[in-house]
Each structure stands twice: as structure tokens, then as C-alpha cells.
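One point on numbering: in the numbering used here, the residue at position 64 of the sequence shown is 64, and numbering is uninterrupted. Here the structure is laid out as C-alpha cells; the discussion comes afterwards.
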Amino acid sequence: MRKNSPWTRWWVAGLLVAGPTPAAADNALIEAVKKADKVAVQALLQQRTDVNQPEVDGTTALHWAAQKDDSALVTMLLGAGAHVSPSNRYGVTPLSVACINGNAAIVEALLKHGADPNTSSPEGETALMTSARTARKKDGTVRRR
């Protein structure tokens with residue numbers, strides 16, 4: 001596991017001590033998730049950073065945790081109250097990202113927290129359809145169902 005850089009810890013500590021604006025803190029959470037920096041994410045969540053604050057395109061920290069294929073980050077964000085079914089401007093939800101990645105643990109966590117499996121993309125593809133389309137083993141062969 002990659003160690004967190006001293007710079008990252010300093011940066012998060014500085015934001016917390018200085019009392020950042022809500023927008024800066026929310027961007028810090030998304031940036032920490034993008035870097036899979038669990039220490040920074042935990043510190044920001046303890047400071048009650050808005051876990052649901054999206055980027056300009058509607059992408060949330062939960063989208064990024066699913067994109068990173070990181071079950072621990074998804075669990076942390078859900079535990080902090082992340083909404084499970086936000087769509088970004090492209091109609092992508094965290095569940096659809098998890099289905100594309102084929103991460104059953106993340107899909108299960110999102111469904112247990114109320115993600116709607118029937119939500120469809122602008123193209124009409126549901127989570128189940130995405131899972132069927134992208135079902136591949138690590139070696140690249142298609143799974144038999």
C-alpha cells in the first residue's frame with residue numbers, strides 16, 4: 001500500500017487549521033478520493049466536509065471512489081452519508097461505474113444502501129445491462145453466466 005506523502009498530510013492539515021471555504025474543502029475531498037488517500041479522506045470526513053458536493057459536471061466523491069475501484073473508500077463515503085444514486089451530467093451513477101469495473105463488492109454495497117438498479121444511462125442502459133456487457137475476468141475472457 002502506498003504511503004501518504006508528507007505534503008498531502010501537510011496540505012490537509014493546513015486546510016483544516018485555516019478553516020477553508022466549503023467549496024475548497026469539498027474539492028479537497030474529491031481530490032483526496034481521486035488520489036485514494038484514505039488518511040486525507042478520513043480527516044476531511046471527520047471535519048464534516050460535505051460528502052455530496054459535486055464537481056461542476058455533477059461527479060461526486062462516490063463516483064470517483066467507484067472509478068478507483070476502491071471498496072474501502074466507497075464504504076467510508078457511504079458511512080459518511082454519501083447519496084448512492086447521484087447522476088453526473090452524462091447520466092453516470094456510482095453504480096454504473098462499479099458495474100463497468102465489475103466490482104461486485106462495490107455494487108453490493110451501493111445496492112444495500114439503496115442505489116436504484118433500474119436507473120438507466122441516457123442511452124437506456126441499466127446497471128444489469130452494463131454488468132452483462134462488461135462481464136470479463138481478469139485475464140480478459142468473458143464470464144459464462
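Positions of the beta carbon are idealized from the N, C-alpha and C atoms, including for glycine. Because the structure is a prediction, the values reported are computed rather than measured.
Per DSSP, the unbroken alpha helix (DSSP H) holding residue 63 starts and ends at 61-67.
Residue 119 has its alpha-carbon roughly 6 Å from the corresponding atom of residue 126. The residue among 93, 113, 109 and 32 with its C-alpha nearest the C-alpha of residue 130 is 93.
Excluding five sequence positions before and after residue 100, the CB atoms of its chain that fall closer than 8 Å to its own CB belong to 130 and 134, given in chain order. In this structure, the alpha-carbon of residue 51 lies about 19 Å from that of residue 116. A direct Cα-Cα distance of roughly 9 Å separates residue 103 from residue 66. Excluding sequence positions up to five before and after residue 84, its CB lies within less than 6 Å of the CB of 110, 113, 114 and 115, all in the same chain and listed in chain order. Selection 78, 132 and 40 evaluated against residue 60 yields 78 as nearest (Cα-Cα).
In the structure shown, residue 120 adopts extended strand secondary structure according to DSSP, grouped into three states. Taking C-alpha positions only, residue 105 is separated from residue 98 by approximately 9 Å.
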